[in-house]
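Read in order, the letters of the sequence shown correspond to residues -20 to -1, 1 to 143 in mature numbering (1 follows the signal peptide of the UniProt record, and there is no 0). Heads up, the thing below is written out as structure tokens.
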Amino acid sequence: MTLTYAFINVASLVLSVTSATPIAAQISARETKVPEKLHCFNACYGVNRTIAEQTIHSFCASYDGVYLNKNGRAGAFRGIFADQEYQPQPNTAEKGKIHMEMLAQDDESCGTQIVPYNVCSDNFWVTINQCNCCKEDGKQGGIWHTPCLLFIYSPGWDGCIGS
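Put into structure tokens, the structure is as follows:
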């Protein structure tokens, strides 16, 4: 009986430790047929597809495997953001800025999410491919909500930011 009691205590300890383990974010834009929670800016300055490719790659490569948690628990961030500059017009001194954010949603059931490069990239591409979808360039970005993460891609230029 004592051995059985000890085994149950050890099993419950192992269960509680493994349930706190971060889970890999698996929600990929490729798996979602219709974006239910997508807000397209459809305003301000748009960027060409090459700029979108470069900034998404740079952001997601920089934060590949980041841990996100709505409470910003130890070892995890509440969100990651970056402003990336680019040159809107070749051979000019003009500078454009793209604001990108990846945030944990306010949902207790999500826990800590590990965000690999492909999940980061696929979800940012929703704001490019599903917004301004009738053209290759002039992408104005948007905000994409997955069940556990939020992605914002906002090209800004000349003081204009997404609405």
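Each residue gets a CB set at the ideal place from its N, CA and C atoms; glycine is no exception.
Inter-residue CB distance, residue i and residue j (contact presumed, cutoff 8 angstroms)
| i | j | result |
| --- | --- | --- |
| G45 | I108 | Not a contact, Cβ separation roughly 23 angstroms. |
| L48 | A41 | L48 to A41, Cβ: 17 angstroms. No contact. |
| Q64 | I78 | 5 angstroms |
| G122 | C113 | In fact, because the Cβ distance is near 11 angstroms, the residues do not count as touching under 8 angstroms. |
| E81 | G59 | 6 angstroms |
Option nearest residue i by Cα separation, candidates the options
| i | options | result |
| --- | --- | --- |
| E33 | D102, N22, G91, N112 | D102 |
| F21 | T92, M82, S38, Q120 | Q120 |
| Y97 | C90, F39, D86 | F39 |
| F131 | N71, G118, V27, I36 | I36 |
| V106 | R58, S134, G91 | S134 |
| D86 | R58, K50, Y43, G59 | K50 |
| D117 | S89, R53, Y25 | Y25 |
| A62 | Y43, N71, R29, A54 | Y43 |
| G76 | T126, A54, L129, V27 | V27 |
| V99 | H125, K115, E74 | H125 |
Those residues which DSSP pairs with residue i across a bridge
| i | result |
| --- | --- |
| C20 | G122 |
| Y66 | G76 |
| residue 170 | Nothing about residue 170 can be reported from this structure: the residues present for the chain run from -20 to 143 only. |
| Y47 | I94 |
| E88 | Per DSSP, none; premise fails for E88. |
| F57 | L48 |
| residue 156 | Since the first residue shown for the chain is -20 and the last is 143, residue 156 is missing from the structure and cannot be characterised. |
Residue interval of the beta strand (DSSP E) (run including residue i)
| i | result |
| --- | --- |
| F131 | 129 to 136 |
Residue interval of the alpha helix (DSSP H) (run including residue i)
| i | result |
| --- | --- |
| Y97 | 97 to 109 |
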